[in-house]
Every structure is written in structure tokens, then in C-alpha cells.
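Novice:
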Amino acid sequence: MKDKAFEVLQRIGRSFMLPIAILPVAGLLLGLGSSFTNETTIEMYNLGKILGDGTMLHALLVIMNKVGSAVFDNLPLLFAVGVAIGMAKKEKEVSALSAVIAYFVMNISISSMLEINGKILADGSISKDVLDGTISSVCGINTLQMGVFGGIIVGLGVAALHNRFHKIQLPNSLSFFAGSRFVPIVSTIVYMFVGIFMYFIWPVVQNGIYALGGLVTGSGYLGTLAFGIIKRALIPFGLHHVFYMPFWQTAVGGTMDVAGNLVQGGQNIFFAQLVDSANITHFSADATRYFSGEFIFMIFGLPGAALAMYRTAKPEKKKQAGGLLFSAALTCMLTGITEPIEFSFLFVAPILFGVQVVLAGAAYMIAHILNIAVGLTFSGGLLDLFLFGILQGNDKTSWLRIIPVGIVYFILYYVIFSFLIKKFNLKTPGREDDAGEVKLYTKADVNTRKAKETDAEGAASEDELSKDITMGLGGKKNIDTVDCCATRLRCTVVKPELVNDAALKATGASGVIHKGNGVQVIYGPHVTVIKSNLEDYLESAPDIEYTENSEDLSEETDRKDEDKQENETKKVVKTIVVSSPMTGKAADLSTAPDEGFAGKMMGDGAVVTPEDAVIKAPEDGEVVFVFDTKHAIGFMTDSGLSLLIHIGIDTVKLDGKGFEVFVESGQKVKKGEPLMKIDIDFLKNNAPSLVSPVLCTELEDNQEVRLLKDGDIKAGEELFAVDFYE
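Just so we're on the same page, my numbering is the position in the sequence shown counted from 1, plus 3.
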């Protein structure tokens, strides 16, 4: 249980990195835009002719400023999408779309509750009795100020729903909504109620967050020291993102009124002040206490540690170790990425990492004491120091104080690391045994053994159906692409001759169609789940070619023929008539210019070539589903027959062009009511054929279709009958 919780926290931490990754670019745009459009900066450096109002550079910098601000203003939505992608195990794009939908649904629900309870007035303004800062505008929606917590709540919840339901199977009548299509549906429903729940619970949570932020802030310099030590100590576990993010982005890190707006979180406060820098005397060190200290040990301290490791390396390995350590130190100084240095001595000499944790934690406190207020986007390297310290001026940031403290830190790291390495003969880079390889270790090295152990145990329970499908398609090595439409698994294979039709039919397929290197395996509406499982299986399947000769098995055909002959000797007890949904030319299903339809692999019925643009309901009933590409409609008659009205052949490839649908899933209709309108000329020119199958998709063994009309037929006239035998 403990290991499981730890694994989940690690994944959450990693998922934060996706939205965080955009911050350096956004911060760069915001930093340059704010710095060089600031009137004080322009006057100080006499840049009026180049950067003054009205110049092209000024206009470009204003745009850069607004683009950077747009990212920081919409961080909650970015976190919702980023966390959903990071936590989703498969089909991450579906999770991302669902997160966007859920985010808007949650905030609209909260907004509606605020309106119902008089917190937001009819004209859209906020009631005067509402505490300032508790309601804000999110993407144009007045809702509770939840910051990135709102995005994280959506991201984690949607990812959980996605991982639980993206392979769900539903009854045949609802199978179009199964699999990944179910995720945005269930997310919408769940987050409507989450929004209602948040209206009641979030004010309580908000008060608790403010109290926690006040506790940290009220602890003064000791609180800053504790924050720094904990953050650095969590680095080996990959949980530091989970810890520091609330301090950077939410009210846990404090709140401040900037330019008339209540801003939450240390990083957000700094960037809000940066935008309003013309009216700021000195940036808030209370806000930057959660990151300003990083410049001290990242630019100065850890390079000192690298020098100590180089100087203590064995003479014969010094050159090799020096190249590695210099590269790692330069990376740390420029970008603030410390992993190459920290993770090397962490794994071979944990005592050195203990020293690093204490010294780094103290750096946060020292920066706070010295009123250093340099912001950053991602980490404390020279690039961020230049943008958010040097360019902003010493008067606003006190960045010059970093230099003397940094020099002291360089000496401290060098002396302490040198002493401990020699004293305890620590195996830092360049001091390994002769057989050892000189290298900089990473976190991946620690996970390698665990991964190998997992591989040795084998994958979790094998998906036998996917395994059989893979073998039927000639093995993983023979499979090029995997896709699906509404009813067919569509694959491209390297060698079509290796495909075993009999083996594929044994997996439950009602038919197999070959088109060059393309193979269509017909499974019915639940094919989306089969496709998803197959993709999962192929990730770990052996990359081999299955060359067993196909066998011409015909038991299924023989059985159906026997059933038909048996039915001919039995008495018809009931007949249900199905009318034509369109005006045109009716014909037997066997004439369909598609092997799958003609072979009755998806059901029995008839075909009609439409001559009128309006497609109508064949009987009284319910629209079960409308395909995304609008080319087909699932229909359930009141008499209990499940129908598929499929307009044209291979029209799924038209992506909805040429179709105008008038109904939606779940809608009750009467016979003759319009279902859709088609562009006949467009379909004739862009589809292989306009012949349109009308199928009964769920016939029992004692049911048989009988064609009633061949030739000209009008919408509403009897097309075929379904006879029920004893």
C-alpha cells in the first residue's frame, strides 16, 4: 500500500512537469516584454529611439508581454490538461480533451451556483458582500478562485475516470459510446456535480489554505529554511514538484494585492509585480523566498562541489572525470538543472547529499534575510538571473547580494566536499575502482534494476484475444498500422499472405476483408475496445512474424446454412416489416459493392441507392447513435429491431462532409421524420459508391430477412421483412 501511494505521488510529480515546461518560454517572453517596455528602464539606458512607444520593437515587445501573461493567466487550464495527460496510462489525447471539457463544466457549474445564490448578480457583476479575491474570471467565466488547485483537481479526477473507463464495454444498443468515447461523457456528468460540491466545500478549503500560507509566512526565516530543506530532500524521490508547486502557484505561498488584483502564490505574485514593475519599488522577498535562494547554490555552490570531485579524482581518471563534471557544472550554472551533479554523489555518497540538503535549505533562508527578490520560471540558473534579476535592476531585486554569498557558498561546497570525499574515500566520479566506469549517474540508473525485475516477472496477465488477433494478422512484425471505424478493425500489414482469415474469425470476427495490404476485420460496434486492447498488447508483444499456413475453415458457414435449411422446415410465428428510409433503387444485400456488407458480416437486410437527399426514419423508434462522421445512424425500432442505416460505401473517410444530421443520440422519432440530408452529387464524386445498406445488426438464429421490394422504392414503402421461426 505504501509503495503504491509512493508510485502515485511520483506520477503526479512527473505530470506537473508538462505544464511547467512551458513556463521558461512564457517567462522569457514576459521578462523581455516587461523589462524593455518599462519606461524607467528605457530612460535609464537611453533606448527611447529604439524601444520607445511607437517603434516596431516596442510593439513586438508588447505582444511578447501579453503572450507570456496569457500563459500565466491560464495556468489552471494548462495544469488540468497537463496532469490528465501525465496521469493517463493510454490514449492520452482522449484524457486531454476530457479534461478541457470537465474544466469548463466544473467552472460553469460553480458559476451557476454563485448566480443562483446571489453571489453573482444578473448583470454579471459580483455582489458587494463577497470577499475580495474569492471570485475571479476564468476563461470568461465568473467562478471561485481556485488557482491551479482547480486544474489539478480536474486533471487527477479525469485521469482516474479515463484509466477506469476508457475500455468499458456497453450493451450493443449503446456500444457506439463504449471505450474512449465514454470518457468525456462520464467526465461531463461527474464534474457537473464536482462543481456543485466545490461551491460548498471550496470556501472552507480556501480558508484552510490561507491559514497554512499564513503559518509558513508567520514562521519567518525558519519557515523559509524548513521549506528549502524539505524541497531539496524530496529530490531523490521525485516528489519535490508535489511539495513546492502549491507555494509557487496557490495561496499556500501567500497572497498579495498587485495593481488592484488579489494574486496568489509566490511565483504568480512576482510575475504580477513584474508586469506592474513601473509602480513597484522593490519586488516582494516574502513572495520570492521559495526560489531566490536557488541562484546561490545552483550558480555557485554545486559548481564548487564539481570542482572538489574533480580535484579528488584519481590522476589517471582526472581528464575523463573533468570533462563530465565541467559539462554538468555548466548545465547547472546556466539552466539550474542540477540532476547530473546531485544524482551522481547521491547514489555513491549519500552523506554528500545530506550536506547539499542543509546548505541548499540555508540558501533559501539567507536570500530571504538579505531581501533578495529575483524571480524564476523553472530553476535558478544564469539565464533566469539575467532576465529577472539583472535586467530588473538591483534596486528592485537586490541581485548583487547573490554574488558575495555565492562566493562563500562556492568555498563552502568545495572545502566540505573535498574533506568528506578524502576522509571517507567516497567513490565520486573519477574515484571508482579500476574496473568501474567513470560516469555521471542519473535517476534512470536507479530504476533500471527495478525495470529489469519487472520484465523478468513478465507482463501482467496476457490479453489472449489480442494475442490471437496478432497471430491471425501474421504477428507483430507483420502489422504496420492499427485503426478502426465504427465496426471494423482496420489494419495495414506488410505481407498480406500471412493473414489467417480462419484464425481471425475464431476470435469472434464476423468477416475478414482484404484490400491490398489493408485488412478489415469486422467485429461490430465494440471494435473500439478491441482496438485499444490490441494497441496495448502490441507494445510488449514479441516482434516476430507468424508464418503458419492459413486453413480454410468453413464451420461457421456450414452452421449458418444448416440453420437456414432448418428454418425453412419450421413455421413462421411472427413477421416484422422494415420500411425504406430513403427514395431510390432497392436491391438484395448481396449486390452491395463491399465484401463486408455483401457477405452479411455486419448483419442482414437490403441496399438502397438514394435518389432523394432526405433520409427518413424507417419506423417509429429511437436514434441509438449518430456516428461522428455522420455517415451512419444506429436505430432501434419500437418493435425491437436494431438497425444500421449506412449511407454509401467507405463514406467514413469523408469526415462528415456531404451529410447534415437532424437528430441526436437518444432522440425518439416517428416513421417518416427526417433523420439527415445528404449531398448526392458530392457523395457520387467523392465516395466509391452511393449504394446504402440498411441492416438488422442483431438477428437471432431463428430470424431471417426476406426482401420485399426490388427496384424503384419510395421512403416509407416496405423494404424487407424479418421472419421469426418457431
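Where a beta carbon is used, it is the ideal one built from N, C-alpha and C, also for glycine.
In this text the structure is predicted, and so the values were computed from the model without any measurement.
How many whole angstroms separate the CB atoms of Lys93 and Ser535, which I take to be in contact at a CB cut-off of 8 Å?
Specialist: 7 Å
Novice: Starting from Met639, follow the beta strand (DSSP E) in both directions and report where the run begins and ends.
Specialist: Ala635 to Thr640
Novice: For Gly714, does the three-state DSSP call read helix, strand or coil?
Specialist: In this structure, Gly714 counts as strand in the three-state DSSP scheme.
Novice: Does Ile123 pass the burial test, meaning 16 or more other C-beta atoms within 10 Å, or should it be called exposed?
Specialist: buried
Novice: What is the C-beta distance between Tyr202 and Met109, in whole angstroms, given that I count them as a contact (C-beta under 8 Å)?
Specialist: Their Cβ separation, rounded to whole angstroms, is 10 Å, which puts Tyr202 and Met109 out of contact at 8 Å.
Novice: Take Asn775 and list the residues in its own chain whose beta-carbon comes closer than 8 Å to its own, dropping the five residues that flank it on each side.
Specialist: Only positions 4 to 729 of the chain appear in this structure, which leaves residue 775 out of reach.
Novice: Alpha carbon to alpha carbon, how far is Val672 from Ser128? Give it in angstroms, no decimals.
Specialist: 43 Å
Novice: Report the CB separation of Lys479 from Asp546 in whole angstroms; it is logged as a contact under 8 Å.
Specialist: 5 Å
Novice: Label Ile15 either buried or exposed according to how many other C-beta atoms from any shown protein chain fall within 10 Å of its C-beta, with 16 as the threshold for buried.
Specialist: buried
Novice: When you compare the segment 630-642 with the segment 586-601, are there three or more beta-carbon pairs, one atom per stretch, that lie closer than 8 Å?
Specialist: no
Novice: Given a cut-off of 8 Å on the beta-carbon distance, is the pair Gly158 and Ala254 in contact?
Specialist: With respect to Ala254, Gly158 sits apart: the two C-beta atoms are not nearer than 8 Å.
Novice: I need the DSSP call for Ala454, collapsed to helix, strand or coil.
Specialist: Because the pLDDT at Ala454 is just 48, under 50, the model does not fix this residue reliably, and the value given afterwards should be weighed accordingly. If DSSP states are grouped into helix, strand and coil, Ala454 belongs with the helices.
Novice: With 16 other CB atoms within 10 Å as the buried threshold, where does Phe152 fall?
Specialist: buried
Novice: Looking only at its own chain, which residues have a Cβ that is under 6 Å from the Cβ of Gly719, when we skip the five neighbours before and after it?
Specialist: Ser582 and Gly675
Novice: Nearest to Ala181 by alpha carbon, out of Thr531, Gly231 and Leu305?
Specialist: Thr531
Novice: Exposed or buried, Pro353, counting other C-beta atoms within 10 Å across all chains shown (16 or more means buried)?
Specialist: exposed
Novice: Assuming Val161 contacts Ala105 (C-beta within less than 8 Å), just tell me the rounded distance between them.
Specialist: 5 Å
Novice: For Leu678, which of helix, strand or coil comes out of DSSP?
Specialist: Note: Leu678 maps to strand in three-state DSSP.
Novice: Can you round the beta-carbon distance between Leu355 and Phe303 to whole angstroms, since I take them to be within the 8 Å contact cut?
Specialist: The pair is not a contact, with the Cβ atoms about 17 Å apart (cut-off 8 Å).
Novice: For the structure I just gave you, are there three or more beta carbon pairs, one from the segment 636-656 and one from the segment 694-704, closer than 8 Å?
Specialist: yes
Novice: Leaving aside the five residues before and after Met195 along the sequence, list all residues of the same chain whose C-beta is less than 7 Å from its C-beta, in chain order.
Specialist: Val108 and Ser112
Novice: Excluding the 5 residues preceding and the 5 following Ile45 in the sequence, name in chain order all residues of the same chain whose CB lies nearer than 6 Å to its CB.
Specialist: Gly51 and Leu54
Novice: Keeping to the same chain, check which residues put their C-beta closer than 7 Å to that of Leu556; ignore five residues upstream and five downstream.
Specialist: Note that Leu556 scores a pLDDT of 40, beneath 50, so its modelled location is shaky and nothing firm can be said.
Novice: Is the CB-CB distance between Gly256 and Met368 below 8 Å?
Specialist: No, Cβ-Cβ distance for Gly256 and Met368 is not below 8 Å.
Novice: When we look at the beta-carbon of Asn210 and count the other beta-carbons within 10 Å, is it buried (16 or more) or exposed?
Specialist: exposed
Novice: Over what stretch of residues does the beta strand (DSSP E) that includes Met259 continue unbroken?
Specialist: Met259 -> beta strand (DSSP E) spans Thr258 to Val261.
Novice: Across the segment 222-236 and the segment 361-379, are there enough close Cβ pairs to call them in contact, namely three or more that are closer than 8 Å?
Specialist: yes
Novice: Under a Cβ-count criterion, where at least 16 other Cβ atoms within 10 Å of its own Cβ denotes burial, should Ile192 be classed as buried or exposed?
Specialist: exposed
Novice: Which residues does DSSP list as the beta-bridge partners of Pro499?
Specialist: DSSP, once it has assigned bridges, lists no residue as partnering Pro499.
Novice: Output the distance between the C-alpha atoms of Gly461 and Arg491, rounded to the nearest integer angstrom.
Specialist: In this prediction, Gly461 scores a pLDDT of 42, lower than 50, which makes its location untrustworthy; the coordinate-derived value is nonetheless stated afterwards. Going by the C-alpha atoms only, they are around 31 Å apart.
Novice: At a cut of 8 Å, does the segment 389-400 reach the segment 313-323 through at least three beta carbon pairs?
Specialist: no
Novice: In three-state DSSP terms, what is Ala724?
Specialist: strand
Novice: With DSSP as the reference, label Glu625 as helix, strand or coil.
Specialist: strand
Novice: Less than 7 Å between the CB of Ala331 and some heavy atom of the ligand ADP, yes or no?
Specialist: Because no ligand of any kind appears in the structure shown, any question about the ligand ADP cannot be addressed here.
Novice: What is the rounded straight-line gap between the Cα of Glu542 and the Cα of Leu678?
Specialist: 41 Å
Novice: Let me confirm a value: Glu558 is counted as buried when at least 16 other C-beta atoms fall within 10 Å, else exposed. Which label applies?
Specialist: In this prediction, Glu558 scores a pLDDT of 47, lower than 50, which makes its location untrustworthy; no coordinate-derived value is stated.
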